[in-house]
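Following: one structure in structure tokens, then a few remarks.
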Amino acid sequence: MSLPATTPAPGAASPAWRGILYLLMIAIAVVSAFPLVWMVLSSLKTPAEAMQTPPVWIPGTPNLDAYSKVSELISVGRSFANSALIAGITTAGILVTSLMAGYAFAKYRFRYREVLFAITIATMFLPPIVTLIPLYRLVGSIGLNASLAGVIVPNLANAFGIFLMRQFIAGVPDELVEAARLDGASEFRIVFTIVAPAVAPALAALALFAFVYHWNSYLWPLTVLQGNSSQYPIVISLSRLLSYNRSAVNTGLVMAGATLAVLPPLILFVFLQRFFVRTITSSGMTGQ
Amino acid sequence: MSGFRKSIVAMLAPSLGLIAIFILVPIALTVWLAFTKWSSQTPFSTATFIGLDNFREIFGAGSVGRDFKGALVNTALYSLMSIALILPLSVLFGMLIHQADLKGANILRTILFATYMVPMIAVALVFSKLYSPSEGPINQILGWVGIGPLPWLSSPDTALVSVVLLNVWQQVGYFTILIIAGLTQIPQSIYEAAKMDGARGPALFGFITLPLLQRTLLFSAVIALINAVQVFEPVALVTQGGPVGSTNVMTYHIRRVGIERAQGGLGSAMSVTLLLALVVTVTAVFALARREDRR
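Residue numbers (my numbering), protein chains in the order written: chain A, 27 to 314; chain B, 117 to 411.
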């Protein structure tokens, strides 16, 4: 009905007004990008420059000393490996459990389906702090405290994944599922070889959200891993940089650590952002 | 039929089992432990029932009550300020990106949303430096336009606001995407019809965009509230609840009492109170929205 090329959007107006809007856009972009740019620039400064008053904006002699200092103080490689294990295994678990439950909620009719689904969805809105104290003890009592397993196992399923998968699997034609059943395929086979490929973009988006969320998560690993620094993910190792010489914290050092922690999720996002955006717009939720 | 039932159970058991064990059971435990004296260093079986004593203490006049009420107020203030900043900004940004029809809008969207991918811990560390009164760039920039140095995180008057701004910076891109999704669902034909009737800029926004965006805004407010309650990293790392308790928020306080000080019963009573406060708030917001809807 409307022609996008010729119908002006409601906000479109005079050139002067457009100029103002452009300035506004640039201002927002600058403010938004500034902290990250500052972080990277500071990580390249010498310790003296990083602590200088008034602040030095551009490092005089850009160098990577802060990064090598970080790797002396914390085992960066091991922290990255721990983060990758936590985020990777958790994500894989979430994909499998969400796919199966999403399929059941979307394609089976059974008693209490709506009630079960409603209870599940309600957990999505629960701030983790509400359950933190007993959960900490519970994980300890099954022998998983101070271990990566303790960080991972409680997060292998979540309501958001189930909700998202149900939304998308509901759109998979029933005929497709019926045809596979007539061919004698088991329900598991149907889920993993017919339904999963049909909702691949949603699975990819869920994987990215879950990975970034669990790569970044801090409160739960900090609580479970107390005192076992060899299992720390990068975000917790990073916080330990602050405690080195707290009275005169080396800014460059902390910024180098922060840059390291930011890179993996940011790189993932830059390359795959359309999946993130599509998931938010179709579900309005985050990775948890 | 029984084969069918078996596959329902098999499909649901892994996820619902995990959710039951690691979310529903802990909620039940939290409620029970709230009425007990219990050290979180010891097994659940050592918890002894003490009735409402924990609640009396956290709402009492003693130091426990004072700290708890302080944390409750701080979290409420923090949430209110976050929502009050995030919603208008995300509507402004969303309209700019979606409706203004400008080149480069996608780049802005990417930059805004990229901040949401940054671990909160890194955000906290970077902002602790940006806010630094002497060697921080924010005060330097303010100095250029003649605004005197602000104490930011080091004064009880400004610390909580500083943490709010940090949070807004990180999250506003996410809510902008939500708003854009809401704007996309408003049919262009409504705008065209209104324009035929002579409606212009502010009227279009007030009578069409805002009312039709109401559901998105309501949803955004609830998500922003849930997120705000979870603020932890900047407090734990940068301010440690201070100065003078001004940034002592619920997540930080409950963890300190329940885990670090091992006062599991007391911490659980705090958790239950937080949960009730949240349920009441969210219910009230929805009830209010429904009444608005009917009008």
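Heads up, the beta-carbon is just placed ideally off N, CA and C, and yes, glycines get one too.
Proximity below 8 Å, CB of residue i to CB of residue j
i                      : j                      : result
residue 156 of chain A : residue 391 of chain B : yes
residue 153 of chain A : residue 165 of chain A : no
residue 293 of chain B : residue 332 of chain B : no
residue 127 of chain B : residue 213 of chain A : yes
residue 366 of chain B : residue 286 of chain B : no
residue 112 of chain A : residue 290 of chain A : no
residue 357 of chain A : residue 233 of chain A : For chain A, the structure presents residues 27 to 314; residue 357 of chain A sits outside this window and is missing.
residue 175 of chain B : residue 163 of chain A : no
residue 250 of chain A : residue 268 of chain A : no
residue 348 of chain B : residue 161 of chain A : no
residue 368 of chain A : residue 77 of chain A  : Outside the displayed range of chain A (27 to 314) lies residue 368 of chain A, so it cannot be described from this structure.
residue 361 of chain B : residue 133 of chain B : no
residue 400 of chain B : residue 194 of chain B : no
residue 203 of chain B : residue 284 of chain B : no
residue 183 of chain A : residue 131 of chain B : yes
residue 109 of chain A : residue 293 of chain A : no
residue 69 of chain A  : residue 282 of chain A : yes
residue 258 of chain B : residue 266 of chain B : yes
Residue-chain proximity (residue i, chain B), Cβ-Cβ < 8 Å
i                      : result
residue 258 of chain A : no
residue 273 of chain A : Note on residue 273 of chain A: pLDDT 48, under 50, position unreliable in the model; no value is reported.
residue 127 of chain A : yes
residue 276 of chain A : no
residue 100 of chain A : no
residue 282 of chain A : no
residue 48 of chain A  : yes
residue 190 of chain A : no
residue 265 of chain A : yes
residue 94 of chain A  : no
residue 301 of chain A : no
residue 162 of chain A : yes
residue 136 of chain A : yes
residue 219 of chain A : no
residue 117 of chain A : no
residue 232 of chain A : no
residue 268 of chain A : yes
residue 84 of chain A  : no
residue 167 of chain A : yes
residue 159 of chain A : yes
Identified DSSP bridge partners for residue i
i                      : result
residue 153 of chain B : B/164
residue 379 of chain B : B/155
Min CB distance residue i to chain A below 8 Å
i                      : result
residue 117 of chain B : Note that residue 117 of chain B has pLDDT 48, beneath the 50 cutoff, so the model's placement of it is unreliable and the number below is only indicative. Chain A, which has no Cβ nearer than 8 Å to the Cβ of residue 117 of chain B, makes this no.
residue 280 of chain B : no
residue 216 of chain B : yes
residue 197 of chain B : no
residue 488 of chain B : With chain B covering only 117 through 411, there is no way to say anything about residue 488 of chain B.
residue 345 of chain B : yes
residue 258 of chain B : no
residue 186 of chain B : no
residue 374 of chain B : yes
residue 366 of chain B : yes
residue 371 of chain B : yes
residue 156 of chain B : yes
residue 267 of chain B : no
residue 138 of chain B : yes
residue 264 of chain B : no
residue 173 of chain B : no
residue 390 of chain B : yes
residue 383 of chain B : yes
Beta-carbon neighbours of residue i, restricted to chain B and to distances below 9 Å
i                      : result
residue 151 of chain A : 338, 339, 342, 394, 398
residue 64 of chain A  : 242, 245, 246, 253
residue 124 of chain A : 131
residue 68 of chain A  : 242, 245
Under 8 Å from the C-beta of residue i: neighbouring residues of chain A
i                      : result
residue 322 of chain B : In chain order: nothing, as chain A lies at least about 13 Å away.
residue 226 of chain B : 296, 299
Neighbour list for residue i in chain B, Cβ cutoff strictly below 7 Å
i                      : result
residue 242 of chain A : 235, 236
Chain-ordered neighbours of residue i on chain B, where CB pairs are closer than 8 Å
i                      : result
residue 213 of chain A : 123, 126, 127
residue 193 of chain A : The contacting residues do not exist; residue 193 of chain A stays about 14 Å from chain B at best.
Chain A contact residues for residue i, given Cβ-Cβ distances below 7 Å
i                      : result
residue 220 of chain B : 51
heavy atom of the ligand GDP below 7 Å from residue i C-beta
i                      : result
residue 117 of chain A : Among the ligands in the structure shown, none appear at all, so the ligand GDP cannot be discussed.
Could you give the uninterrupted runs of the alpha helix (DSSP H) lying entirely in the stretch 257 to 302 of chain B, keeping only those of 4 residues or more?
-> 275 to 300
What residue ranges within the stretch 155 to 186 of chain A form continuous alpha helix (DSSP H) runs of no fewer than 4 residues, ordered along the chain?
-> 155 to 167, 174 to 178
Complete runs of the alpha helix (DSSP H) confined to the stretch 306 to 392 of chain B [at least 4 residues] = 317 to 320, 330 to 345, 366 to 371
Counting only runs of 4+ residues fully inside the stretch 182 to 265 of chain B, write out the alpha helix (DSSP H) ranges in chain order.
-> 221 to 233, 236 to 246, 253 to 260
Please list the segments of the alpha helix (DSSP H) lying wholly inside the stretch 195 to 261 of chain A, counting only runs of 4 or more residues, in order along the chain.
-> 200 to 208, 226 to 242, 245 to 250
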